[in-house]
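Here the protein sequences come in this chain order: A and B.
Under our numbering, the first residue of the first sequence is numbered 1, with each subsequent residue one higher.
Under our numbering, the first residue of the second sequence is numbered 1, with each subsequent residue one higher.
Here the structure is laid out as structure tokens; the discussion comes afterwards.
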Amino acid sequence: MTASTDETGAGPREATTGPTADAIRETCIAIRELDAWYGDIHALRSISLDIAYGEVIALIGPSGCGKTTLLRCLNRLNDEVEGARVAGSVRLDGQEIYARPVDPVALRARVGMVFQKPNPFPKSIYDNVAYGPRIHGLATDRAQLDDIVHVSLERVGLLKEVRDRLDEPGTDLSGGQQQRLCIARTIAVGPEVILMDEPCSALDPIATARIEDLIDELAEDYVIVIVTHSMQQAARVSSRVAYLNHGSLIEVGETNRIFTNPQHKLTEDYITGRIG
Amino acid sequence: MSKIERRRRIEARLGGRHRRERWFRLLGITAVGLALSFLVLILANLVGEGASAFTQSKLDLPIRYEVTASPTGGAPDVRYPDVDYDALVLDALAGLLAVEPDRQMRRELRQLVSIDAGFVVRDSLGSAEQAPGARLTVTVPASSNVDMLVKGQLDRSLPAVQRPLSDRQIAWVDTLRDSGVLVRRFNTALFTNGDSREPELAGIRGAVVGSFYMLAVTLLLAFPIGVATAVYLEEFAPRNRWADVVEISINNLAAVPSIVFGLLGLAVFIDWLGFPRSAPLVGGFVLALLTLPVVIISSRAAIRGVPGSIREAALGVGASRMQVVMDHVLPLALPGVLTGTIIGMSRALGETAPLLMIGMVAFIVDVPTGLGDPATALPVQIYLWSDSPERAFAERTSAAILVLLGFLLLMNLLAVLIRRRVENK
Ligand SMILES: Nc1ncnc2c1ncn2[C@@H]1O[C@H](COP(=O)(O)OP(=O)(O)OP(=O)(O)O)[C@@H](O)[C@H]1O
Ligand SMILES: [Mg+2]
Numbered sequence: 001m002t003a004s005t006d007e008t009g010a011g012p013r014e015a016t017t018g019p020t021a022d023a024i025r026e027t028c029i030a031i032r033e034l035d036a037w038y039g040d041i042h043a044l045r046s047i048s049l050d051i052a053y054g055e056v057i058a059l060i061g062p063s064g065c066g067k068t069t070l071l072r073c074l075n076r077l078n079d080e081v082e083g084a085r086v087a088g089s090v091r092l093d094g095q096e097i098y099a100r101p102v103d104p105v106a107l108r109a110r111v112g113m114v115f116q117k118p119n120p121f122p123k124s125i126y127d128n129v130a131y132g133p134r135i136h137g138l139a140t141d142r143a144q145l146d147d148i149v150h151v152s153l154e155r156v157g158l159l160k161e162v163r164d165r166l167d168e169p170g171t172d173l174s175g176g177q178q179q180r181l182c183i184a185r186t187i188a189v190g191p192e193v194i195l196m197d198e199p200c201s202a203l204d205p206i207a208t209a210r211i212e213d214l215i216d217e218l219a220e221d222y223v224i225v226i227v228t229h230s231m232q233q234a235a236r237v238s239s240r241v242a243y244l245n246h247g248s249l250i251e252v253g254e255t256n257r258i259f260t261n262p263q264h265k266l267t268e269d270y271i272t273g274r275i276g
Numbered sequence: 001m002s003k004i005e006r007r008r009r010i011e012a013r014l015g016g017r018h019r020r021e022r023w024f025r026l027l028g029i030t031a032v033g034l035a036l037s038f039l040v041l042i043l044a045n046l047v048g049e050g051a052s053a054f055t056q057s058k059l060d061l062p063i064r065y066e067v068t069a070s071p072t073g074g075a076p077d078v079r080y081p082d083v084d085y086d087a088l089v090l091d092a093l094a095g096l097l098a099v100e101p102d103r104q105m106r107r108e109l110r111q112l113v114s115i116d117a118g119f120v121v122r123d124s125l126g127s128a129e130q131a132p133g134a135r136l137t138v139t140v141p142a143s144s145n146v147d148m149l150v151k152g153q154l155d156r157s158l159p160a161v162q163r164p165l166s167d168r169q170i171a172w173v174d175t176l177r178d179s180g181v182l183v184r185r186f187n188t189a190l191f192t193n194g195d196s197r198e199p200e201l202a203g204i205r206g207a208v209v210g211s212f213y214m215l216a217v218t219l220l221l222a223f224p225i226g227v228a229t230a231v232y233l234e235e236f237a238p239r240n241r242w243a244d245v246v247e248i249s250i251n252n253l254a255a256v257p258s259i260v261f262g263l264l265g266l267a268v269f270i271d272w273l274g275f276p277r278s279a280p281l282v283g284g285f286v287l288a289l290l291t292l293p294v295v296i297i298s299s300r301a302a303i304r305g306v307p308g309s310i311r312e313a314a315l316g317v318g319a320s321r322m323q324v325v326m327d328h329v330l331p332l333a334l335p336g337v338l339t340g341t342i343i344g345m346s347r348a349l350g351e352t353a354p355l356l357m358i359g360m361v362a363f364i365v366d367v368p369t370g371l372g373d374p375a376t377a378l379p380v381q382i383y384l385w386s387d388s389p390e391r392a393f394a395e396r397t398s399a400a401i402l403v404l405l406g407f408l409l410l411m412n413l414l415a416v417l418i419r420r421r422v423e424n425k
């Protein structure tokens, strides 16, 4: 399924034709004519985009184009920003997340987020991972909680490294380890979607490679929306790429196609390094 | 611009830049030196004035008493109702000095010891359960005039009419001192007694207990209300015109002269709500009002210092705002909050003016036993004593100031320790 085939037809043109593997996949997140403002700043303009189960979608675009804003609209984190406003529709599994009965607190358990700078809590490694399950009451006893913590750490490949120091502060880990800890903290709650906002921009190349491998593995179980400034990273980890500029979605399509055959002049200028 | 020209220009300004830095350092060192020397001056003066108040001249009197009746039981003052304890003291003194006192001499002898000496004897005899006819050594405080003479603060060369002690009394004091009966001991009364008209009996216990009760009330009110206000303003309140109004009001409140809070307390708590005058409860209310802005402002600063990324991380895994505050923001802000509270409390401990307004300046002998008892506070006690003409009260004033400074030092030390502990984390 592509942005141009939605009912409203308001999305950007996508040149790809013919059925792809994605077309038979079920839609997870359906964004329709989403507008967002910070006070008078119009940060997102009429974004329409479908994100399917099983895909990793990369958001690219020049600085300030609204990538982070779009991401934060998907778990309603922008509700917490003073002066931020949103109009339009975002459906998760067919349910409107901006409708009244949806509690943003419950939504964020389904749509987790990993931030640009690793931000572990200044608590022990164990408590970092256990925090989400604790507040949502996911474990009934200590053994279950231990289990969740171990599985989550194992999943991000951190268990080996920290098994003997679960009581030490999470902030004592290296940058790359901290970011993996943050991912473990996110998946401990068992989300369906993981939003990642430039998760590697504060990391060295080796740590970056590890996170990218991890994204590949996680893609089997989670829908991943990742913001990145690195074309190479987008090419490596994503199945589709969406290009934003000045708050508008310019083009979206399969990763290979976007990088080899961009349909839009702005996209081409961006990926060839002429803007951004 | 050529390379050489660029280098020349940079070097031309170098001298001036270093010179300014040297000047600034010099200025800073001078300022610190000035502040320190004033502090040393004040401390030296206080210690010089007040150190002698920590000792008190006392007499070890051999008391012999005959009572025909057996003890009646109960409190010491009713145990031997028929004994004239003052006479026992006089007899002991006369015996020591080997004199047969007439009326005049008895009066002069009595002036050597504190007017409380009889009570002291009564209490120790009563508690000693001595058999009648036994001899018991009782330590009684000397009168403040004798104490001053012993401490060298009474000029012996003055003509007798200008001295509070006669030639004969001075001779007696010297005799008693030479025979080891009259000695300077640690002044326990200063710490165990309430206020008194007699310097040798006056102590700061009542004032310290009053201050303690007041600060307890202040802490119980100002800490929770202040922290809750700060959390609400920082984490929940919308940022709009009203928030600005509240912000300005609180900042202004912090700058209002403290006596205004005293007047407010008098009008609201005593006149309107009918709380008792001179009570630590009301004092605590007033000091809480005074401390509240300090707690709010410092707590807000501490809360603002918690990085936003921590809040986002917690929100991101689905914590509610309240959980973000309770689980993450407050624990991280706590050291700053506590430091601010302690600074506010130490300010409250030193406050005098508002307490005068609510009647805590009264002369109160009894140590308060509850929040409603009439009480005074340490700084007010200092104010009261500093007003007394007796030389003996002057030294006690300085001693009380030293004690107050000691408490303040302890509180500030605690604030530093808390901050240090967290910075090392
Ligand atoms: N909290 C905020 N308050 C006001 N304006 C904001 C806020 N956050 C973002 N903006 C504005 O919204 C626009 C989009 O910002 P956004 O952070 O989404 O960009 P971005 O694509 O993530 O940029 P970058 O690649 O630099 O991270 C920018 O013009 C930015 O200045
Ligand atoms: Mg961004």
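Think of the CB as a built atom: it goes at the ideal place given N, C-alpha and C, for glycine as much as any other residue.
Consult DSSP for B:Met357 and reduce its assignment to one of helix, strand or coil.
helix
If we ignore side chains and look at the alpha-carbon of each, how far apart do A:Ala43 and B:Trp242 end up?
28 Å
Can you tell me which of the three DSSP states B:Leu182 falls into?
strand
Decide if B:Trp427 is buried, meaning its Cβ has at least 16 other Cβ atoms within 10 Å, or exposed.
Lying outside 1 to 425, the shown extent of chain B, residue 427 of chain B is not represented and no answer is given.
Return the first residue and the last residue of the alpha helix (DSSP H) that A:Gln177 is part of.
175 to 187
Nearer than 7 Å: is that true of the beta carbon of A:His229 relative to any heavy atom of ligand 1?
yes
Work out the CA separation of B:Pro293 and B:Ile303 for me, nearest whole Å.
B:Ile303 and B:Pro293 have their C-alpha atoms some 15 Å from each other.
Tell me whether A:Cys200, by its Cβ, gets closer than 7 Å to a heavy atom of ligand 1.
no
Collapsed DSSP secondary structure at B:Met1 in the structure displayed:
In the structure shown, B:Met1 sits in coil (DSSP, three-state: anything other than H, G, I, E or B).
Excluding the five sequence neighbours on either side, which residues of its own chain have a C-beta within less than 7 Å of the C-beta of B:Asp147, listed in chain order?
Gln56, Ser57, Glu200, Ala392
Between A:Glu343 and chain B, is there a C-beta pair that is closer than 8 Å?
Residue 343 of chain A lies beyond the stretch modelled for chain A, which goes from 1 to 276, so this question has no answer here.
On the premise that B:Ser320 lies in contact with A:Val105, defined as a C-beta separation below 8 Å, what is that separation, rounded to the nearest angstrom?
Under the criterion of beta carbons closer than 8 Å, A:Val105 and B:Ser320 qualify as touching, at roughly 5 Å.
Among A:Gly64, A:Leu34, A:Glu82, A:Ala58, whose alpha-carbon lies nearest the alpha-carbon of B:Glu234?
A:Glu82
Applying the criterion that 16 or more other CB atoms from any shown protein chain within 10 Å of the CB defines a buried residue, is B:Ser444 buried or exposed?
Nothing in the structure corresponds to residue 444 of chain B, since chain B is present only between 1 and 425.
CA-CA distance, A:Ala202 and A:Phe115?
10 Å
When you measure from the CB of A:Lys117 to every non-hydrogen atom of ligand 2, does any distance come out below 7 Å?
Here the distance from the Cβ of A:Lys117 to the nearest heavy atom of ligand 2 is not below 7 Å.
Within-8 Å CB hit, A:Ile135 to chain D
Of the chains in the structure shown, none is chain D; the protein chains are A and B.
Closer than 7 Å: A:Glu160 CB and nearest ligand 2 heavy atom
Reading off the sequence shown, one finds Lys at residue 160 of chain A, where the question assumed Glu. It does not: the Cβ of A:Lys160 is nowhere closer than 7 Å to a heavy atom of ligand 2.
Quick one, which residues of the stretch 116 to 148 of chain A are near chain B if we go by CB-CB under 7 Å, in chain order?
Lys117, Asn119, Phe121, Pro122, Tyr131, Gly132, Ile135, His136
Would A:Cys73 pass as a contact of A:Val56 if the rule is Cβ separation under 8 Å?
The answer is no: Cβ separation not under 8 Å.
Counting only C-beta atoms, is B:Leu334 closer than 8 Å to chain A at any point?
No, because no Cβ of chain A sits closer than 8 Å to the Cβ of B:Leu334.
Confirm the yes/no value for this check: CB of A:Thr27, any heavy atom of ligand 2, distance under 7 Å.
no
So which residues of chain B does A:Ala242 contact, with C-beta pairs closer than 8 Å?
Within 8 Å Cβ-Cβ: nothing; A:Ala242 doesn't reach chain B, min ~22 Å.
Cβ pair B:Val89, B:Ala117 closer than 8 Å:
yes
Compute the Euclidean distance between the alpha carbons of A:Pro205 and A:Ser230, then round it to the nearest angstrom.
CA-CA distance, A:Pro205 to A:Ser230, rounds to 12 Å.
I need the straight-line Cα distance from A:Asp22 to A:Gln263, nearest angstrom please.
Because A:Asp22 carries a pLDDT of 45, less than 50, the predicted location of this residue cannot be relied on, and the following value inherits that uncertainty. Distance between the alpha carbons of A:Asp22 and A:Gln263: 19 Å.
Under 8 Å, Cβ to Cβ, is there at least one residue of chain B near A:Met196?
no
Determine which residues of the stretch 294 to 321 of chain B have a Cβ less than 7 Å from any Cβ of chain A, and write them out in chain order.
Correct list: Ser309, Ile310, Glu312, Ala313, Leu315, Gly316, Val317, Gly318, Ala319, Ser320.
Check the Cβ of B:Arg239 against every Cβ in chain A and list those closer than 8 Å, keeping chain order.
Glu82
Run through the DSSP bridge pairs and tell me what A:Arg240 is partnered with.
A:Ile57, A:Glu254
Span of the alpha helix (DSSP H) holding A:His229?
From DSSP, A:His229 is part of no alpha helix (DSSP H); its letter is neither H nor E.
With A:Leu214 and A:Ile183 assumed to form a contact (beta carbons below 8 Å), what rounded beta-carbon distance in angstroms separates them?
7 Å
Could you give the C-beta distance for B:Ser398 and B:Gly50, rounded to a whole number, given that I count them as a contact under 8 Å?
3 Å
Hey, is B:His328's beta-carbon within less than 8 Å of any beta-carbon in chain A?
yes
Name, in chain order, the residues that DSSP records as bridge partners for A:Asn245.
Within the DSSP secondary-structure output, A:Asn245 pairs in a beta bridge with A:Ser248.
Rounded Cβ spacing between A:Arg240 and A:Ile211 (contact assumed at less than 8 Å):
Incorrect: roughly 19 Å between the Cβ atoms, too far for contact.
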